[in-house]
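Using numbering that gives the first Met the number 0, the letters of the sequence shown correspond one by one to residues 0 to 491. Ideal Cβ positions, reconstructed from N, Cα and C, are used throughout, including at glycine. What you are looking at is a predicted structure, and each value in this text was computed from that prediction instead of being measured. Report on one structure; see the data block that follows.
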Amino acid sequence: MTTESRTGPAPAPTGPLSSIDYSEQIPNNVNLAGDRRLQRALEGWQPKFLDWWKALGPALPTKDVYLRTAIAVGRDGWAHFAHVPMEQYRWGIFLAERNPDRAVSFGKHKGEPAWQQVPGEHRAALMRLIVVQGDTEPASVEQQRLLGATSPSIYDLRNLFQVNVEEGRHLWAMVYLLHAYFGREGRAEAEQLLKRNSGDLDAPRILGAFNEETTDWLQFFMFTYFTDRDGKYQLGTLKESAFDPLARTCEFMLKEEAHHMFVGTTGVQRIVKRTAELMKSRGTADIFGCGGIPLQVIQKYLNFQFSVSMDLFGSEQSTNAGNYYSSGLKGRWQETRRKDDHVLLDEVRTMTYVENGEFREKEVPVLSALNLDLRDEYVADCANGVRRWNQELEDAGLDDRLVLPHEGFNRRVGVYAGHHVSPNGEVLDDAAWQACVDGWLPSAADRQAVASLMVPEYEYGKFAGWIAAPQTGINDQPVEFDYVHLAEEGIA
Ligand code: BYC
Ligand code: FE
Ligand code: FE
0 MTTESRTGPA
10 PAPTGPLSSI
20 DYSEQIPNNV
30 NLAGDRRLQR
40 ALEGWQPKFL
50 DWWKALGPAL
60 PTKDVYLRTA
70 IAVGRDGWAH
80 FAHVPMEQYR
90 WGIFLAERNP
100 DRAVSFGKHK
110 GEPAWQQVPG
120 EHRAALMRLI
130 VVQGDTEPAS
140 VEQQRLLGAT
150 SPSIYDLRNL
160 FQVNVEEGRH
170 LWAMVYLLHA
180 YFGREGRAEA
190 EQLLKRNSGD
200 LDAPRILGAF
210 NEETTDWLQF
220 FMFTYFTDRD
230 GKYQLGTLKE
240 SAFDPLARTC
250 EFMLKEEAHH
260 MFVGTTGVQR
270 IVKRTAELMK
280 SRGTADIFGC
290 GGIPLQVIQK
300 YLNFQFSVSM
310 DLFGSEQSTN
320 AGNYYSSGLK
330 GRWQETRRKD
340 DHVLLDEVRT
350 MTYVENGEFR
360 EKEVPVLSAL
370 NLDLRDEYVA
380 DCANGVRRWN
390 QELEDAGLDD
400 RLVLPHEGFN
410 RRVGVYAGHH
420 VSPNGEVLDD
430 AAWQACVDGW
440 LPSAADRQAV
450 ASLMVPEYEY
460 GKFAGWIAAP
470 QTGINDQPVE
480 FDYVHLAEEG
490 IA
């Protein structure tokens, strides 16, 4: 195997690296100071990142925000909470601790030591994976840029900003890999990550869901529930990568990711709770008039965000995915817990598809269907939140329930693209689809009605009328804590 030693960084010093050096201009636990060229290159990228943050990061002016910052990468006590001006957040490079005995756990290199450098033959594919991952992180910040102006509470505002700064840090995680291991080409890709922008007609973000508009907070909570969860699963597969620096960086990103999904799960849950209260007390499902979001509209937003997030897994059958696996670049979810040979040359599975207006099943090689394997894991996880939301409806004594739509509903990528499938799984012709689609996906009128409820509530401890208060605050602080200090100009 050929290795690219020219562009790799200096070896990290031995010994525990669980603490992070904050005396540096770029906080890190990768011994950046030991590689002057790399350090200078990243210090050259840093002001461009900050310009991007100022131009396309959160638009609401704030004095400071009660933010979590990583201080160590070990198991306990990795985070520190304090009020910090957002633009002074210490974005840095944090990799999970290295296991010097780590071996490749799948594919044709199974059993070989994990790679500390990029093998020449896998260079292009690895860079592509890192670029796609890196592209989504700033995209989500851009999508959420305007939400602060309509925050339902200071508590929620803080959570939005926490998610935003950490997605910014996830961009740093990928840019570090590009700079440290991919030479001039990697540096060029790092520049492009700031130049493509969400929804830009000429230079859009790479994946579909990251060019959709985030119109309101219901959309935001659905995004953090369904789309950040795609992130969890994709990072979970990259955490298995033979390329050890990628594996280690993804392992640490997953720690931060847990809070993003908490924001989504509890955000939707609090909306459903409030909706259930209003439905109960008013005896009607049509609660827009009394300031709540009708359950049917919540269902439409759910249908939309679930389906665009399903598209993020790519085609069910993908030779790219098979090659990534065989080469050791991208594993399966919980690869090491799977009870098979981890090479998969002889394995088959069934796959559903549509032919002549009907669902059919066929047997396909597992290796060709790894995107589907991951998507199945994802769908099972998505169902957990829906159960939790439905508990609120049950507790309120209502018979209504939210459901995940059929996997073929509203799809643009893969075997269902080009077919119309209803949420409960019927294949429809064009006319039948057109007649019903406004009942399944948010219409312009639905989005407008939701948007009209989005008036900001900036008084500490108070919440907008369409969402219930959370059970507890952040980091053991009370719900009414001063999580965000707005700038004078922000309080119009
Ligand atoms: N939109 O062979 P296929 C996150 C392209 S989220 C547009 O099936 P493959 C986060 C595909 O690129 C996680 N294009 O694709 C969440 C390919 O293009 P080329 C992000 C799409 O390679 C919230 C072609 O179609 N991380 O972290 O098997 C906030 C053929 O497709 C789409 C990753 O995705 C789409 N939806 O699988 C913040 C991990 N889907 O090569 C952050 C890295 C596919 O023909 N990426 N295409 O030009 C990958 O592992 C894979 O590239 C994919 C696609 C899973 C995305
Ligand atoms: Fe992320
Ligand atoms: Fe996230």
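Check                                                                                                             : Outcome
Close-in-space but distant-in-sequence residues of the same chain around TRP77 (CB under 8 Å, 5 per side omitted) : ALA69, ILE70, ALA71, LYS254
Runs of alpha helix (DSSP H) wholly within the region 92-146 (minimum 4 residues, chain order)                    : 122-142
Range of the contiguous beta strand (DSSP E) that encloses LYS62                                                  : 61-69
Inter-residue spacing [alpha-carbon to alpha-carbon] between LEU156 and ILE205                                    : 28 Å
Quiz: which residues have CB nearer than 6 Å to ligand 3 non-hydrogen atoms                                       : GLU166, ASP227, GLY230, GLU256, HIS259
Per-residue burial, GLN390 [other beta carbons within 10 Å of its own, 16 or more giving buried]                  : exposed
7 Å CB neighbourhood of ARG410 in its chain, flanking five on each side removed                                   : SER306, MET309, ASP310, ALA416
N-terminal and C-terminal residue of the beta strand (DSSP E) that ALA434 is part of                              : Run containing ALA434: none in the beta strand (DSSP E); it sits in the alpha helix (DSSP H), 429-435.
Exposure label - HIS82; buried when at least 16 CB within 10 Å                                                    : exposed
Residues that DSSP places opposite HIS82 in a beta bridge                                                         : TYR65
Beta-carbon separation (whole angstroms), LEU146 vs LEU245, contact threshold 8 Å                                 : In fact, because the Cβ distance is near 31 Å, the residues do not count as touching under 8 Å.
Length-filtered (4 minimum) alpha helix (DSSP H) runs lying within the region 208-234                             : 216-221
Any non-hydrogen atom of ligand 1 within 7 Å of ALA320 CB                                                         : yes
Cβ of THR213 within 8 Å of any chain D Cβ                                                                         : Among the chains in the structure shown there is no chain D, since it carries only a single protein chain.
Rounded C-alpha distance that separates LEU170 from ASP63                                                         : 22 Å
Host beta strand (DSSP E) of HIS484 (start-end)                                                                   : 483-485
Buried or exposed by the 16-neighbour rule on C-beta atoms within 10 Å, applied to THR471                         : exposed
Cα-Cα separation between GLU212 and GLY198, rounded to whole angstroms                                            : 8 Å
Other residues of its chain near ARG281: CB distance less than 7 Å, five sequence neighbours each side excluded   : CYS289
Residue interval of the beta strand (DSSP E) (run including GLU354)                                               : 347-354
Among PHE242, PRO151, ILE92, the one whose alpha carbon lies nearest that of ALA124                               : PHE242
For LEU128 and LYS329, believed in contact at Cβ under 8 Å, the rounded distance                                  : 6 Å
Near ligand 4: MET173 beta-carbon under 7 Å from a heavy atom                                                     : Absent from the structure shown: ligand 4. Ligands present: ligand 1, ligand 2 and ligand 3.
Which of helix, strand or coil DSSP assigns to ARG186                                                             : helix
Beta-carbon spacing of ASP215, ALA450 below 8 Å                                                                   : yes
Closer than 7 Å: ASP429 CB and nearest ligand 1 heavy atom                                                        : no
Residue range of the unbroken alpha helix (DSSP H) whose run includes GLU357                                      : Per DSSP, GLU357 belongs to no alpha helix (DSSP H); it is in the beta strand (DSSP E), 357-364.
Stretch pair the region 315-333 + the region 360-379: three plus CB contacts closer than 8 Å                      : yes
Spatial neighbours of ASN474 in its chain, beta-carbon cut-off 6 Å, leaving aside the 5 residues before and after : PHE80
Validate contact between the region 375-390 and the region 400-410 using beta carbons, cut 8 Å, 3 pairs           : yes
Segment limits, alpha helix (DSSP H) that includes GLN295                                                         : 294-309
Closer than 7 Å: GLN161 CB and nearest ligand 1 heavy atom                                                        : no
Closest Cα partner of LEU37 within the set ASP445, ALA179, GLU357, TRP114                                         : ALA179
As assigned by DSSP and simplified to three states, the class of ASP445                                           : helix
As assigned by DSSP and simplified to three states, the class of VAL454                                           : coil
Closer than 7 Å: GLU250 CB and nearest ligand 2 heavy atom                                                        : no
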